[in-house]
Ligand code: SF4
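In the working numbering, the protein residues as written are 6 to 257.
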């Protein structure tokens, strides 16, 4: 256990959940209390005829990219079928020196049209959520999505699409090295943690994405449909704020 882990535990942020290997236990849920509706679709289409070796080579190329090349590559990417109906790919937006990284699911219609994540109604709510904890889009905050192209009809991205796009998000995180990641909703949490996640069970806990603390809360689009859960999202943001403060204190 690292010194930071010890301090976080003493601060009451235990248990600290570790990233599990993608190939290991993809069906194990966080608390073992999944409902059928929460399970990842098992019949999702596989990666489009991409063999493992070329996929690995592609991931390695992406892992070596800087921001400019990443942006250009994502803009031209046709590596999953989400490219077919997009207006444009949306890499992300914000401070490249961000302490905070918020990760959503994928662009919606307005995001697809404008090329920026979270600019529709859900985006307005996210901005309000940020403001509630004294944060502002673009100031020490970066906002991105699991998939960079809009799923038709705003459906949940399929497993193959998420897998194809994940190397881009991994590279973004590597370049940003944020102090804290906030996963907005189940697809973002499951992609980053590589386990099945029930948001209601995961919220209020501190997870770990490759050494970066991660917290889970509801997606703003969900909150627009479930107003009573806004109070829970507020609790989650306060938890994230406390976590960040603890990290800053530890870091001096
Ligand atoms: S969603 Fe990601 S992998 Fe699929 S086409 Fe868009 S950028 Fe490429």
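Glycine included, C-beta positions come from ideal geometry on N, C-alpha and C.
Exercise. For the beta strand (DSSP E) containing residue 214, list its first residue and its last residue.
Key: 211 to 214
Quiz prompt | Identity of the residues DSSP links to residue 185 by a beta bridge | solution = 105
Quiz item: So which residues put a beta carbon under 7 Å from any heavy atom of the ligand SF4, going in chain order?
Solution: Output, sorted by chain position: 79, 82, 83, 84, 85, 87, 88, 91, 94, 152, 153, 154, 166, 169, 170, 173.
Self-check item: Residues of its chain near residue 118, where Cβ-Cβ distance is below 7 Å and the 5 sequence neighbours each way are ignored
Solution: 92
Quiz item: Which whole-angstrom value describes the C-beta separation of residue 209 and residue 241, a residue pair presumed to lie in contact below a C-beta threshold of 8 Å?
Solution: 7 Å
Quiz prompt | Sufficient close CB pairs (3 or more, under 8 Å) joining the stretch 128 to 137 to the stretch 177 to 185 | solution = By the Cβ rule, the stretch 128 to 137 does not count as touching the stretch 177 to 185, because fewer than three pairs are nearer than 8 Å.
Quiz item: How far does the beta strand (DSSP E) with residue 219 in it reach, from first residue to last?
Solution: 217 to 222
Quiz prompt | Three-way DSSP call (helix, strand, coil) for residue 120 in this model | solution = Looking at residue 120 - three-state DSSP - the assignment turns out to be coil, as it is neither helix nor strand.
Quiz item: When burial is assigned at 16 or more other CB atoms within 10 Å of the CB, is residue 231 buried or exposed?
Solution: Counting other Cβ atoms within 10 Å of its Cβ, residue 231 stays below 16 and is therefore classed as exposed.
Exercise. Would you tell me roughly how many angstroms separate the C-alpha atoms of residue 99 and residue 234, rounded to the nearest one?
Key: 27 Å
Practice problem: Can you have a look at residue 66 and say buried or exposed, based on whether 16 or more other CB atoms are within 10 angstroms of its CB? | Solution: Exposed is the call here.
Exercise. Can you give me the start and stop residues for the alpha helix (DSSP H) that residue 125 sits inside?
Key: It is not in any alpha helix (DSSP H) - residue 125 carries neither H nor E in the DSSP assignment.
Practice problem: Throw me the rounded Cβ distance for the residue 95 and residue 197 pair, which I believe falls under 8 Å. | Solution: So it is not a contact: roughly 18 Å between Cβ atoms.
Self-check item: According to DSSP, residues forming a beta bridge with residue 148
Solution: 98, 107
Quiz item: Roughly how many angstroms lie between the CA atoms of residue 214 and residue 199, to the nearest whole one?
Solution: In this model, residue 214 and residue 199 are separated by some 10 Å (Cα to Cα).
Self-check item: Start-to-end residues for the alpha helix (DSSP H) that takes in residue 195
Solution: Where residue 195 is concerned, the enclosing alpha helix (DSSP H) stretches over 191 to 198.
Practice problem: Would you mind sorting residue 176 into buried or exposed? The rule is 16 or more other CB atoms within 10 Å of its CB. | Solution: buried
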